[in-house]
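Notes follow once the structure below has been shown.
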Amino acid sequence: RYWEKERWKPNKYETVGMLAGGVGITPMLQIIREVITNPYDRTKIKLLFINKTEDDILLRDELDRLALEYPKNLEVNYLLTRPGEGWTGPSGSITADRIRPFLPSPNTKTKIYVCGPHGFYHTLCGIGNTSITYWTKCRSPQQPSLGTFDSLMNERCMLADMGYGLNQVCVF
Numbered sequence: 007r008y009w010e011k012e013r014w015k016p017n018k019y020e021t022v023g024m025l026a027g028g029v030g031i032t033p034m035l036q037i038i039r040e041v042i043t044n045p046y047d048r049t050k051i052k053l054l055f056i057n058k059t060e061d062d063i064l065l066r067d068e069l070d071r072l073a074l075e076y077p078k079n080l081e082v083n084y085l086l087t088r089p090g091e092g093w094t095g096p097s098g099s100i101t102a103d104r105i106r107p108f109l110p111s112p113n114t115k116t117k118i119y120v121c122g123p124h125g126f127y128h129t130l131c132g133i134g135n136t137s138i139t140y141w142t143k144c145r146s147p148q149q150p151s152l153g154t155f156d157s158l159m160n161e162r163c164m165l166a167d168m169g170y171g172l173n174q175v176c177v178f
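Using this note's numbering, you'd call the opening residue of the sequence shown number 7 and step up by one each time.
Set out below in structure tokens:
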């Protein structure tokens, strides 16, 4: 339904942290809708949507509406790397200290989903463009034996340094 590596299962995780950059919000929104429209799914989602400017925030009205409508399941925050003068929310480069307050603690009932541009993966997961291309090929149903993302994620990356295990991070 969403991606080959992992299908959504209600209540599998207590809390899901989502790090979306730019158009990476699209698959996150699919998961958000799946959770909030299932009355039996008690999963809490903490979304941090990272963009350059306020004008770059895609689907902001819908995300804000869903967060207001489903406060028990959804928390939405925005981080801008190049904020305008009127921006009062979090801003600056992506650092562990800057994103930590918006993510769940790294315990066994936590999952982190990451989706965004190539540089986003490099910053958060310690993998470069070559690895992203390789992993994309790995996902192909015609080439299932090429490997998995877990073998590409650098153990010394920002998310790992924050305490998240490789099996807790899913990139798509």
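No residue lacks a Cβ here, since even glycine has one placed at the ideal position from N, Cα and C.
Can you check which of these residues, the options, is closest to residue i by C-alpha distance?
i	options	result
Y69	L35, I100, K117 and A102	A small correction: the amino acid at residue 69 is Leu; Tyr does not occupy that position in the sequence shown. Cα-wise, what sits closest to L69 is L35.
N37	G132, I118 and C163	For the sequence presented, residue 37 should be read as Ile rather than Asn. The candidate whose alpha carbon is nearest that of I37 is I118.
I105	G92, G27, L172 and L54	L54
L85	L65, E60, Y76 and K18	E60
P45	R88, N79 and E20	N79
The alpha helix (DSSP H) that contains residue i, what's its start and end?
i	result
C121	Careful: C121 lies outside any alpha helix (DSSP H), inside the beta strand (DSSP E) at T116 to C121.
T129	H124 to C131
I51	It is not in any alpha helix (DSSP H) - I51 instead sits in the beta strand (DSSP E) that spans K50 to N57.
T101	Careful: T101 lies outside any alpha helix (DSSP H) and carries neither H nor E.
Taking all protein chains shown into account, decide if residue i is buried (16 or more other Cβ within 10 angstroms of its Cβ) or exposed.
i	result
T101	exposed
N173	exposed
N113	exposed
V82	buried
K58	exposed
List the endpoints of the continuous beta strand (DSSP E) containing residue i.
i	result
C176	V175 to V177
L85	L80 to L86
T21	T21 to G27
List the whole-angstrom C-beta distance separating residue i from residue j, where the pair is believed to meet the contact cut-off of C-beta under 8 Å.
i	j	result
T49	P16	7 Å
T87	G23	Actually they do not touch by this definition, with Cβ atoms about 19 Å apart.
Check the Cβ-Cβ distances between residue i and every residue of chain C, and say whether any is below 7 Å.
i	result
E68	You won't find chain C in this structure, because it holds only one protein chain.
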